[in-house]
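Report on the structure given below.
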Amino acid sequence: WVAATASPHQWLQVDLGEVCLVSGVATQGRALDVNGWFDQFVTAYQVETRKTEQENWRRQGTLLGGNTDLQTPMGQVLEATECRFVRIYPVAWHKHISLRCEFYGRRLASPHRLAISGIAPSLLTETLEG
Numbered sequence: 088w089v090a091a092t093a094s095p096h097q098w099l100q101v102d103l104g105e106v107c108l109v110s111g112v113a114t115q116g117r118a119l120d121v122n123g124w125f126d127q128f129v130t131a132y133q134v135e136t137r138k139t140e141q142e143n144w145r146r147q148g149t150l151l152g153g154n155t156d157l158q159t160p161m162g163q164v165l166e167a168t169e170c171r172f173v174r175i176y177p178v179a180w181h182k183h184i185s186l187r188c189e190f191y192g193r194r195l196a197s198p199h200r201l202a203i204s205g206i207a208p209s210l211l212t213e214t215l216e217g
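One point on numbering: in my numbering, the residue at position 56 of the sequence shown is 143, and numbering is uninterrupted.
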């Protein structure tokens, strides 16, 4: 995701499709383009969640540390929360607001693990099995 403008009023919203128990998030900088690397990534962010479109957004924890480069995934453990919608609010960034993200947890309607997006597999495996 690349924000339209580099301002603190941007966010990325993900609809998980059903209520899930989310217990972690990982972020990574902007991917390669055809001419080389983009040097853009989020260095700090906040996460908010909600179960339904009618509920108010709830902040999850405090300010989370983001990335220090565009290639290395950075995982963060969240307090496990039931939600369908997740928002990432970038607070600080390098050059421009750009990120890839992945959420970890499990679906409540089935025993399958939740991994939405595509950074790197199982950055938070120990939190999912606990």
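For glycine and all other residues, C-beta sits at the position ideal for the given N, C-alpha and C.
In terms of residue numbering, what span does the beta strand (DSSP E) encompassing VAL112 cover?
As a position in the sequence shown, residue 112 is number 25, starting the count at 1. Membership of VAL112 in the beta strand (DSSP E) is indicated by the continuous run 99-115.
May I ask you to report which of helix, strand or coil DSSP gives HIS183?
Your numbering for residue 183 matches position 96 in the sequence shown. Of the three classes helix, strand and coil, the one that applies to HIS183 here is coil, per DSSP.
What would DSSP say about GLN147, mapped onto helix, strand or coil?
Stepping through the sequence shown from its first residue, residue 147 is reached at position 60. In the structure shown, GLN147 adopts extended strand secondary structure according to DSSP, grouped into three states.
Mapping DSSP to helix, strand and coil, what is PHE128?
Counting from 1 along the sequence shown, the entry for residue 128 is found at position 41. Note: PHE128 maps to strand in three-state DSSP.
Are there three or more Cβ pairs, one per stretch, closer than 8 Å when the region 178-188 is compared with the region 134-146?
A contact between stretches requires three or more CB pairs, one per stretch, nearer than 8 Å, and the region 178-188 fails this requirement with the region 134-146.
Mind reading off the beta-carbon distance from LEU151 to ALA167? Whole number of angstroms is fine, and I expect it under 8 Å.
Taking the sequence shown and counting its residues from 1, the one referred to as residue 151 is at position 64. Taking the sequence shown and counting its residues from 1, the one referred to as residue 167 is at position 80. Not confirmed; about 15 Å, so no contact.
Buried/exposed call for ALA91, threshold 16 Cβ in 10 Å:
For the purposes of this step, residue 91 is taken as the residue at position 4 of the sequence shown. Per the 10 Å Cβ criterion, exposed.
Comparing C-alpha positions only, which one of CYS170, ARG193 and HIS183 sits nearest to VAL134?
For the purposes of this step, residue 134 is taken as the residue at position 47 of the sequence shown. Shortest Cα-Cα distance from VAL134 to any of CYS170, ARG193 and HIS183 involves CYS170.
Do you know offhand how far PHE128's Cα is from THR149's?
Position 41 of the sequence shown holds residue 128. Position 62 of the sequence shown holds residue 149. In a straight line, the C-alpha of PHE128 is about 19 Å away from that of THR149.
Measure from the alpha carbon of GLY116 to the alpha carbon of each residue in TRP144, GLU105 and ASP156, then state which is nearest.
By 1-based counting over the sequence shown, the position of residue 116 is 29. Out of TRP144, GLU105 and ASP156, ASP156 has the C-alpha closest to the C-alpha of GLY116.
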